[in-house]
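Chains as they are written, first to last, in the working numbering: chain X, 21 to 213; chain Z, 21 to 213.
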């Protein structure tokens with residue numbers, strides 16, 4: 021998605037530790053008009069998939085998933101990162117290691133909201149080592165639901181998460197794939213439109 | 021908002037400890053078509069306010085804020101509940117006690133995304149003791165921004181957060197105000213439409 025690559029080049033900031041800050045439009049402040057363009061692009065890329073639910077994980081995936089869901093006319097469900105007294109015992113659980121927070125946390129999803137009849141599109145803001153997406157895939161498998169695809173806004177192509185998930189035959193589409201980044205340049209992988 | 025009251029009566033579950041579970045449509049699974057109706061209602065209620073930014077707090081406020089922002093044509097910014105290596109030192113911070121998680125956590129917002137030129141609508145899913153909204157108001161004051169109003173989906177009218185914030189002259193609109201709730205009945209306060 022060229023407009024996204026240009027926005028990342030214009031507004032993104034590269035920080036030590038392979039951090040790409042895009043919090044001016046994607047995951048702290050959110051440019052809602054632009055997130056709508058992202059949602060339309062996910063709809064274009066997954067138009068042939070028979071999706072009836074979008075799954076994401078709190079926190080920064082939620083807004084992107086909600087805007088995107090409007091183009092699929094489906095509900096979303098977001099996995100929660102820690103036990104809450106608002107969730108009863110009937111839940112799927114897995115563990116995810118956070119690249120950003122450098123810790124491992126529990127991820128939970130109420131069994132009421134994912135089951136064998138669900139055909140799921142996973143949406144998230146970043147894909148790096150793939151821990152979050154793999155945790156969501158575990159939950160989909162535990163639920164007996166069908167994974168239709170994975171839609172990522174920004175993939176760090178120099179980390180292995182995306183390659184490993186695609187190698188398992190999963191349909192992963194990333195709107196921008198960062199090939200390399202330094203504090204003065206960000207290179208993207210060429211993709212078929 | 022009658023449609024919301026009916027949905028809460030139909031789908032809400034009352035749990036011990038004054039917990040109202042609405043995770044079938046609002047804060048775990050999200051009924052995006054219905055959240056759009058909520059966004060339209062916030063626009064109707066705050067149509068006279070000159071809002072240029074919506075502020076919320078992760079996690080469950082984010083999706084509601086994003087959908088609502090489409091009706092105001094403004095960006096959102098969401099406060100984050102814990103330190104992340106993706107946020108540099110230039111941030112507003114406050115502490116909030118969580119009713120749901122029964123703990124106190126730090127709330128942070130990058131100074132880049134809130135300042136004196138911002139006229140802010142706070143959006144959140146629940147208002148109970150008011151801790152989260154008060155934390156956001158502290159951040160708005162620290163930023164020198166203008167608070168135009170507070171839009172809440174469900175207020176627990178039997179707790180004092182809303183009363184206290186209104187008593188300070190702040191324009192708080194809640195789409196449903198729960199007067200009382202038991203496991204077999206939920207009563208709402210009458211409101212002017």
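Glycine residues also receive a C-beta, built at the ideal position from the N, C-alpha and C atoms.
Which whole runs of the beta strand (DSSP E) in the region 140 to 211 of chain Z are 3 residues long or more, in chain order? 166 to 176, 192 to 202 and 205 to 208
Do you know whose CA, among Z:185, Z:173, Z:133 and Z:43, lies nearest residue 163 of chain Z's CA? Z:133
If you count every other CB in all the chains shown that lies within 10 Å of the CB of residue 61 of chain X, and 16 or more means buried, which is it? buried
Beta-carbon neighbours of residue 89 of chain Z, restricted to chain X and to distances below 7 Å: 52
Closest to residue 78 of chain Z by CA distance: which of Z:126, Z:140 and Z:66 is it? Z:126
Using CA coordinates, which residue listed in Z:186, Z:204, Z:65 and Z:86 is at the minimum distance from residue 157 of chain Z? Z:186
Using a Cβ distance threshold of 8 Å, determine whether the region 48 to 61 of chain X contacts the region 44 to 53 of chain Z, with at least three qualifying pairs required. no
Candidates Z:84, Z:56, Z:89 and Z:82: closest to residue 71 of chain Z by CA position: Z:89
In whole angstroms, what is the alpha-carbon distance linking residue 28 of chain X and residue 152 of chain Z? 32 Å
Test: residue 204 of chain Z CB closer than 8 Å to a CB of chain X: no
Using the beta-carbon of each residue, which ones in chain Z are nearer than 9 Å to residue 6 of chain X? Outside the shown range of chain X (21 to 213) lies residue 6 of chain X, about which nothing can therefore be said.
Counting only beta-carbon separations shorter than 8 Å, does residue 79 of chain Z have a partner in chain X? yes
Out of curiosity, what's the CA-to-CA distance linking residue 148 of chain Z and residue 173 of chain Z? 11 Å
Do residue 96 of chain X and residue 74 of chain X have their CB atoms nearer than 8 Å? yes
Kindly list the residues whose CB is nearer than 7 Å to the CB of residue 35 of chain Z, restricted to its own chain and excluding five residues on each side of it in sequence; keep chain order. 41
Measuring CA to CA, which of Z:56, Z:128 and Z:211 is closest to residue 83 of chain Z? Z:56
With a threshold of 8 Å between beta-carbons, can residue 117 of chain X be considered close to chain C, or not? Although the question refers to chain C, the structure presented lacks it and instead comprises the protein chains X and Z.
Per DSSP, what kind of secondary structure is residue 99 of chain Z in: helix, strand or coil? strand
Does residue 97 of chain Z have its Cβ less than 8 Å from a Cβ in chain X? yes
Going by the CB atoms, is the gap between residue 193 of chain X and residue 178 of chain X shorter than 8 Å? no
Among X:22, X:33, X:68 and X:30, which residue has its Cα nearest to the Cα of residue 168 of chain X? X:68
Give me the chain X residues within the contact set of residue 83 of chain Z, using Cβ-Cβ distance strictly less than 8 Å, ordered along the chain. 82, 83, 85, 86, 96 and 98
With 9 Å as the limit, tell me which residues of the region 148 to 182 of chain Z have their beta carbon closer than that to any beta carbon of chain X; keep them in chain order. none
Mapping DSSP to helix, strand and coil, what is residue 129 of chain X? strand
What does the alpha-carbon distance come out to for the pair residue 165 of chain X and residue 31 of chain Z? 23 Å
Check residue 77 of chain X in the structure and name its three-state DSSP category. strand
Suppose you measure from the CA of residue 213 of chain Z to the CA of residue 87 of chain X; what does that come to, to the nearest Å? 28 Å
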